[in-house]
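Visitor: Our numbering numbers the first residue of the sequence shown as 1 and each following residue consecutively. Ideal Cβ positions, reconstructed from N, Cα and C, are used throughout, including at glycine. None of these values were measured; they are calculated from a predicted model.
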Amino acid sequence: MEGGRISAVWEVGFRMPYRWRVAPEDLFVERYGQMVNNGLPIADVDTVRSSVTDMWLDEPGGWVYEWSRLAGVYAERGQHHLAALAYGWAKFPTLADDAKRTALERQLKHYLLAAPGFKVGFERRAVQVPCDEGVTAVPVHFLTPPGWSGDAPVLLASGGVDTWKMDLHGLFETVALRTGMGVLAFDIPGTGECAGPMDSEDGADLVRALAIEARALGNGRVLHLGISMGGHFSACSGLAGDVDAAIVIGGPIEAAFAQDRTFAYGMEGVVGNALGFDHQPDDAQLARIWPPFDLRPLLNLDTNVPMLVVNGAGDVHVPQHDTLVFVGRRDTEVHLLPDTGHCAASKMPQVLELMFEWIHRHQL
1 MEGGRISAVW EVGFRMPYRW RVAPEDLFVE RYGQMVNNGL PIADVDTVRS
51 SVTDMWLDEP GGWVYEWSRL AGVYAERGQH HLAALAYGWA KFPTLADDAK
101 RTALERQLKH YLLAAPGFKV GFERRAVQVP CDEGVTAVPV HFLTPPGWSG
151 DAPVLLASGG VDTWKMDLHG LFETVALRTG MGVLAFDIPG TGECAGPMDS
201 EDGADLVRAL AIEARALGNG RVLHLGISMG GHFSACSGLA GDVDAAIVIG
251 GPIEAAFAQD RTFAYGMEGV VGNALGFDHQ PDDAQLARIW PPFDLRPLLN
301 LDTNVPMLVV NGAGDVHVPQ HDTLVFVGRR DTEVHLLPDT GHCAASKMPQ
351 VLELMFEWIH RHQL
């Protein structure tokens with residue numbers, strides 16, 4: 001380990017994660033809409049919210065304990081989709097300890113049990129991607145609309161540092177059904193089931209490898225949808241021309257990686273874990289990490305494919321600059337939506353309609 005950061009080759013089981021000070025009530029404030037909009041009954045979310053008093057205890061009052069208890073109720077009823085959602089919140093926001101990792105294992109178990117009831121075709125597969133001088137297997141989920149014959153584009157899709165491919169299944173399922181495209185969902189490096197730590201270059205390599213896989217699964221055309229930190233990687237692939245089109249929702253681009261940036265709602269610990277630290281990094285350590293994430297070198301080029309860039313004007317995590325910097329670029333459409341925050345999450349139906357219209361207009 002160098003400077004507190006784990007070397008580039010590691011597997012999930014060998015992480016050295018850490019806990020940090022974060023108030024669970026703040027996370028409920030920020031994520032409540034996401035919790036209920038993803039399909040969990042409001043009354044059940046409210047019950048968990050009223051019960052949680054500590055972020056890290058694995059006993060009554062603890063975040064992982066109370067969410068897992070709710071998931072267990074769903075599991076006993078055979079409601080595996082709801083169990084997977086609840087276990088997803090149990091492991092949120094990162095795999096900082098054994099209890100969180102157990103919750104992720106149970107989320108996967110119930111997600112797979114729910115798969116026969118999905119509205120789309122489902123296949124779990126492992127894709128070999130470059131990792132330093134070797135390769136590593138990355139689990140991905142391939143969702144296909146009814147009647148899929150492989151004659152349509154494939155959309156690469158991922159969330160960010162704390163919301164991963166299984167957590168976003170409902171959104172990806174909707175995209176497949178509305179567009180007729182296959183969706184290849186994955187976790188970005190440093191999160192979920194993807195080896196890491198999070199690294200901009202490794203993430204770009206991962207996308208390029210997945211794009212090759214996706215071209216063989218569909219008609220050869222590949223789009224890339226990235227949400228939150230996933231939007232950093234879709235911006236990278238779109239600006240570099242590694243895919244045929246890119247959609248960036250709430251992606252950090254350059255201002256988000258300023259050395260004097262601050263974090264909100266415990267995001268400093270989520271990011272620190274994703275980067276592979278075993279303790280909360282200080283400003284000097286982050287200053288050494290951030291420069292490769294800055295996409296200014298790609299912004300200075302004119303190699304981009306058609307791009308759609310969307311975020312909320314009230315985002316507390318990503319500065320408005322990182323959306324507005326795309327204004328005026330060739331083949332690029334930009335929307336900074338008022339009265340909403342990170343990834344315009346409270347206006348997601350509007351975001352999806354913008355996306356579907358843009359895809360249709362570009363005949364993608």
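#1: Taking all protein chains shown into account, do 16 or more other C-beta atoms lie within 10 angstroms of the C-beta of Ser228, making it buried, or fewer, making it exposed?
#2: Straight-line CA distance for Val264 to Asp151?
#3: With a CB to CB cut of under 8 Å and the five nearest residues on each side skipped, what residues in its chain are close to Glu201?
#4: With 16 as the cutoff for other CB atoms within 10 Å, does Arg361 come out buried or exposed?
#5: DSSP puts His224 in a beta bridge; with which residues?
#6: With a CB to CB cut of under 7 Å and the five nearest residues on each side skipped, what residues in its chain are close to Gly13?
#7: In whole angstroms, what separates the C-alpha of Asp242 from that of Met307?
#8: Are Gly250 and His342 close, meaning C-beta to C-beta below 7 Å?
#9: Using alpha carbons as the reference points, say which of Val161, Gly160, Val29 and Pro145 lies closest to Val154.
#10: Can you tell me which residues form a DSSP beta bridge with Val310?
#11: Taking only runs of the alpha helix (DSSP H) that begin and end inside the region 110 to 193, which ones reach a length of at least 4 residues, in chain order?
#12: Could you give the distance in angstroms between the alpha-carbon of Leu206 and the alpha-carbon of Cys236?
#13: With DSSP collapsed to three states, give me the class of Asp368.
#14: Between which two residues does the alpha helix (DSSP H) harbouring Ser346 extend?
#15: How far does the alpha helix (DSSP H) with Gln285 in it reach, from first residue to last?
#16: Quick check on Gly203: does DSSP put it in helix, strand or coil?
#17: Taking just the CA atoms, how far does Lys100 sit from Tyr18?
#18: Please identify the residue among Ala71, Gly72 and Leu85 whose C-alpha is closest to the C-alpha of Gln34.
#19: Kindly indicate which three-state DSSP category Gly33 falls into: helix, strand or coil?
#20: Work out the CA separation of Asn273 and Pro197 for me, nearest whole Å.
#21: Who are the Cβ neighbours of Gly4 in its own chain at under 7 Å, not counting the five residues just before and after it?
#22: Can you tell me where the alpha helix (DSSP H) with Asp322 in it begins and where it stops?
#23: Per DSSP, which one or two residues make a beta bridge with Asp44?
#24: On the three-state DSSP scale, how would you describe Lys54?
#25: Quick one, are the C-beta atoms of Trp63 and Met55 less than 7 Å apart?
#26: How would you label Asp339, buried or exposed, when you count the other beta carbons within 10 angstroms and need 16 or more for buried?
#27: Evaluate the contact criterion for the region 185 to 196 versus the region 39 to 59: three or more CB pairs, one atom per stretch, below 8 Å.
#28: Here's the rule I'm using: 16 or more other beta-carbon atoms within 10 Å means buried, otherwise exposed. How should Ala137 be labelled?
#29: When you measure from the CB of Pro17 to every non-hydrogen atom of the ligand SAM, does any distance come out below 6 Å?
#30: Output the boundary residues of the alpha helix (DSSP H) element that contains Phe233.
#31: Can you tell which of Val129, Gly159 and Glu173 has its C-alpha closest to the C-alpha of Ala209?
#32: Please work out which residues of its chain come closer than 6 Å, Cβ to Cβ, to Thr106, disregarding the five sequence neighbours upstream and downstream, and give them in chain order.
#33: How about Trp164 and Gly121: are their beta carbons less than 7 Å apart?
#34: With a CB to CB cut of under 7 Å and the five nearest residues on each side skipped, what residues in its chain are close to Leu70?
#35: Roughly how many angstroms separate the alpha carbons of Gly180 and Gly117, rounded to a whole number?
#36: Nearest by alpha-carbon distance to Arg261: which of Ser158, Gly159, Arg125 and Val318 is it?
Guide: Judging by the given coordinates:
#1: buried
#2: Residue 264 is actually Ala in this sequence, not Val. Approximately 44 Å, taken between the alpha carbons.
#3: Pro292
#4: exposed
#5: Leu156 and Ala246
#6: Annotation note: pLDDT 39 at Gly13 (below 50); position unreliable, no value reported.
#7: 12 Å
#8: Inclusion of Gly250 and His342 in the CB contact set at 7 Å is warranted, their separation being smaller than that value.
#9: When each option's Cα is compared against that of Val154, the closest is Pro145.
#10: Ile249 and His335
#11: 169 to 179
#12: 12 Å
#13: Beyond the ends of the chain as shown, which are 1 and 364, falls residue 368; an answer cannot be given.
#14: Looking at the DSSP string, Ser346 is not in any alpha helix (DSSP H), and its letter there is neither H nor E.
#15: For Gln285, the enclosing alpha helix (DSSP H) has its first and last residue at Asp283 to Ile289.
#16: DSSP, read as helix, strand or coil, puts Gly203 in helix.
#17: 12 Å
#18: Selected option, being the one with the closest Cα: Leu85.
#19: helix
#20: About 8 Å.
#21: Any answer about Gly4 is weak, because its pLDDT of 33 lies below 50 and its placement is not dependable; what the coordinates show is given next. Once the five neighbours on either side are set aside, the close Cβ partners of Gly4 are Phe277, Asp278, His279, Pro281 and Gln285.
#22: His321 to Leu324
#23: As far as DSSP is concerned, Asp44 takes part in no beta bridge.
#24: It is worth fixing the name first, because residue 54 is Asp in this sequence and not Lys. In this structure, Asp54 counts as strand in the three-state DSSP scheme.
#25: yes
#26: Exposed is the call here.
#27: no
#28: exposed
#29: Here there are no bound small molecules, and the ligand SAM is not part of this structure.
#30: Met229 to Ala240
#31: Val129
#32: Correcting the residue identity first, residue 106 is Arg in this sequence and not Thr. Same-chain partners within the cutoff: Tyr87.
#33: no
#34: Correct list, in chain order: Asp44, Val48 and Ala86.
#35: 19 Å
#36: Val318
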